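Residue numbering for the sequence shown follows our numbering, beginning at 9 and increasing consecutively. Here a beta-carbon is modelled for each residue, glycine too, at the ideal position from N, C-alpha and C. Predicted model, so just to flag it, every value in this text is computed and none were measured.
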Amino acid sequence: MTQAGPPAGTEPGNRKNRRGGAFAGVLLLTLVASGIGGGVGAYIERTGGLTTVELPQASHDNGDRAPESVAGIAASALPSVVTLHVSGTAESGTGTGFVLDARGHILTNNHVVAPAGSSGDITVTFSSGETAAAELVGKDSGYDLAVVRVKGVSGLKPLPLGNSDNVRVGDPVVAIGAPFDLSNTVTSGIISAKQRPITAGGEKGDGSDISYVDALQTDAP
9 MTQAGPPAGT EPGNRKNRRG GAFAGVLLLT LVASGIGGGV GAYIERTGGL
59 TTVELPQASH DNGDRAPESV AGIAASALPS VVTLHVSGTA ESGTGTGFVL
109 DARGHILTNN HVVAPAGSSG DITVTFSSGE TAAAELVGKD SGYDLAVVRV
159 KGVSGLKPLP LGNSDNVRVG DPVVAIGAPF DLSNTVTSGI ISAKQRPITA
209 GGEKGDGSDI SYVDALQTDA P
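Shown next as structure tokens:
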């Protein structure tokens, strides 16, 4: 008994039709892509190329800042601020100071110059990069203050001292120094409090601790 089936030649014919349809689809996509490419090319040719877009830029800044701004204060004070490199027989360190007068006196902290001892070296680096050897003139471990002096340096710009009586809580503060030997570092903050008790000195436990209550507290880093 023979089972009925599709007429001979039906299956191959369907395959040919599907192949023909796929070929026609590919041909159509190729023609469309060619048409788009030709259109873009014609547009570029007519307009002379792609349009250049220029992003807006800020106007030129001449660098001037208000004298009372942080930038203005920093620009005025930086030439007076120095970095000290101190070395002794057992230790070394760095710190910050500022020019007191045109004779070369520089105010710094006692703990900054302490590593030099009595025979160590103290080198002062100015904001311009110029360096000079310094000698210790005097120190007070109780108030953690010291004065050194450089010689043969011209064009020194002394930094005028302020009057703490004129300071009010909330006044702005600009701090300039060389933390981690990073000279010309500028930060800002405010006066947080006045007449804070501070204890200084006594680093070697010799009973020379001195407490005073006139310190200014600030949040400037």
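Exercise for review: State whether the region 134-151 contacts the region 77-92, with contact taken as three or more CB pairs (one from each stretch) at a distance under 8 Å.
Suggested key: yes
Review point. When you compare only the Cα positions, how much space is there between Asn-118 and Ser-149?
Key: Counting from 1 along the sequence shown, the entry for residue 118 is found at position 110. Counting from 1 along the sequence shown, the entry for residue 149 is found at position 141. Roughly 6 Å separates the two Cα atoms.
Exercise for review: Take the Cβ of Arg-204 as the centre, count every other Cβ of all protein chains shown within 10 Å, and call the residue buried at 16 or more, exposed below.
Suggested key: Here residue 204 corresponds to residue number 196 of the sequence shown, with the count starting at 1. Exposed, because fewer than 16 other Cβ atoms sit within 10 Å of the Cβ of Arg-204.
Review point. Exposed or buried, what is Gly-112 when buried is set at 16 or more other beta-carbons lying within 10 Å of its beta-carbon?
Key: Against the sequence shown, residue 112 aligns to sequence position 104. Answer is buried; the Cβ neighbour count reaches 16.
Exercise for review: Can you have a look at Leu-167 and say buried or exposed, based on whether 16 or more other CB atoms are within 10 angstroms of its CB?
Suggested key: Working through the sequence shown from its first residue, we reach residue 167 at position 159. Looking at its Cβ environment, which holds 16 or more other Cβ atoms inside 10 Å, Leu-167 is buried.
Check your understanding: Under 8 Å between the Cβ atoms of Val-156 and Ala-142?
Key -> Working through the sequence shown from its first residue, we reach residue 156 at position 148. Working through the sequence shown from its first residue, we reach residue 142 at position 134. The answer is yes: Cβ separation under 8 Å.
Review point. Would Ile-199 pass as a contact of Ala-223 if the rule is Cβ separation under 8 Å?
Key: In the sequence shown, counting from the first residue as 1, residue 199 sits at position 191. In the sequence shown, counting from the first residue as 1, residue 223 sits at position 215. Against a cut-off of 8 Å, the Cβ pair of Ala-223 and Ile-199 comes out as no contact.
**Study point:** Beta bridge counterpart(s) of Ile-198 as assigned by DSSP
**Key:** Stepping through the sequence shown from its first residue, residue 198 is reached at position 190. In DSSP, Ile-198 forms a bridge with Pro-180.
Review point. Count the other CB atoms within 10 Å of the CB of Val-40; is the residue buried (16 or more) or exposed (fewer)?
Key: Locating residue 40 in the sequence shown gives position 32, where the first residue counts as 1. Any reading at Val-40 is ruled out, since the residue's pLDDT is 47, under 50, leaving its predicted position unreliable.
Check your understanding: Helix, strand or coil: which one does DSSP assign to Gly-80?
Key -> Mapped onto the sequence shown, residue 80 falls at position 72. Residue state, collapsed to three classes: helix.
Review point. Buried or exposed: where does His-93 fall if 16 or more other Cβ atoms within 10 Å of its Cβ makes it buried?
Key: Along the sequence shown, read from residue 1 onward, the residue named residue 93 stands at position 85. With 16 or more Cβ atoms within 10 Å of its Cβ, His-93 is classed as buried.
Exercise for review: Can you tell me which of the three DSSP states Val-120 falls into?
Suggested key: Position 112 of the sequence shown, counting from 1, holds the residue named residue 120. It is helical.
Review point. Which word fits Lys-159, buried or exposed, when buried means at least 16 other C-beta atoms lie within 10 angstroms of its C-beta?
Key: The count along the sequence shown starts at 1 and reaches residue 159 at position 151. With fewer than 16 Cβ atoms within 10 Å of its Cβ, Lys-159 is classed as exposed.
Check your understanding: Just the Cα atoms here: how many angstroms apart are Ala-201 and Gly-178?
Key -> Reading the sequence shown from its first residue, position 193 is the one you call residue 201. Reading the sequence shown from its first residue, position 170 is the one you call residue 178. Between Ala-201 and Gly-178, the C-alpha separation is close to 8 Å.
Check your understanding: When burial is assigned at 16 or more other CB atoms within 10 Å of the CB, is Gly-103 buried or exposed?
Key -> As a working mapping, residue 103 is identified with position 95 in the sequence shown. With 16 or more other Cβ atoms within 10 Å, it is buried.
Exercise for review: Give the DSSP bridge partners of Glu-143, in chain order.
Suggested key: As a working note, residue 143 is residue 135 in the sequence shown. Per DSSP, Arg-157.
Review point. Within 10 angstroms of its Cβ, does Val-121 collect 16 or more other Cβ (buried), or is it exposed?
Key: Within the sequence shown, residue 121 is the residue found at index 113, counting from 1. That one is buried.
Point to revise | Thr-102: first and last residue of the uninterrupted beta strand (DSSP E) it sits in | key: Locating residue 102 in the sequence shown gives position 94, where the first residue counts as 1. Run containing Thr-102: 100-107, per the beta strand (DSSP E) assignment.
Check your understanding: What residue range is occupied by the uninterrupted beta strand (DSSP E) comprising Leu-92?
Key -> Working through the sequence shown from its first residue, we reach residue 92 at position 84. 89-95 is the span of the beta strand (DSSP E), which, as asked, contains Leu-92.
**Study point:** Option nearest Gly-170 by Cα separation, candidates Ser-126, Val-181 and Ser-191
**Key:** As a working note, residue 170 is residue 162 in the sequence shown. Ranking the options by Cα distance to Gly-170, first place goes to Val-181.
Check your understanding: Taking the DSSP output, what are the residues bridged to Leu-224?
Key -> Against the sequence shown, residue 224 aligns to sequence position 216. Looking at the DSSP output, Leu-224 shares a beta bridge with no other residue.
Review point. Which one of Thr-116, Val-161, Ala-66 and His-68 has the shortest CA to CA distance from Tyr-151?
Key: On the sequence shown, position 143 is the one that residue 151 refers to. Answer by Cα proximity: Thr-116.
Point to revise | Proximal residues to Leu-35 (C-beta, below 6 Å), its chain only, five neighbours per side dropped | key: Counting from one through the sequence shown, the residue named residue 35 turns up at place 27. In this prediction, Leu-35 has a pLDDT of 47, which is less than 50 and means its spatial position is unreliable; nothing more can be read from the coordinates.
Check your understanding: What is the DSSP secondary structure of Ala-85, reduced to helix, strand or coil?
Key -> For the purposes of this step, residue 85 is taken as the residue at position 77 of the sequence shown. Helix at Ala-85.
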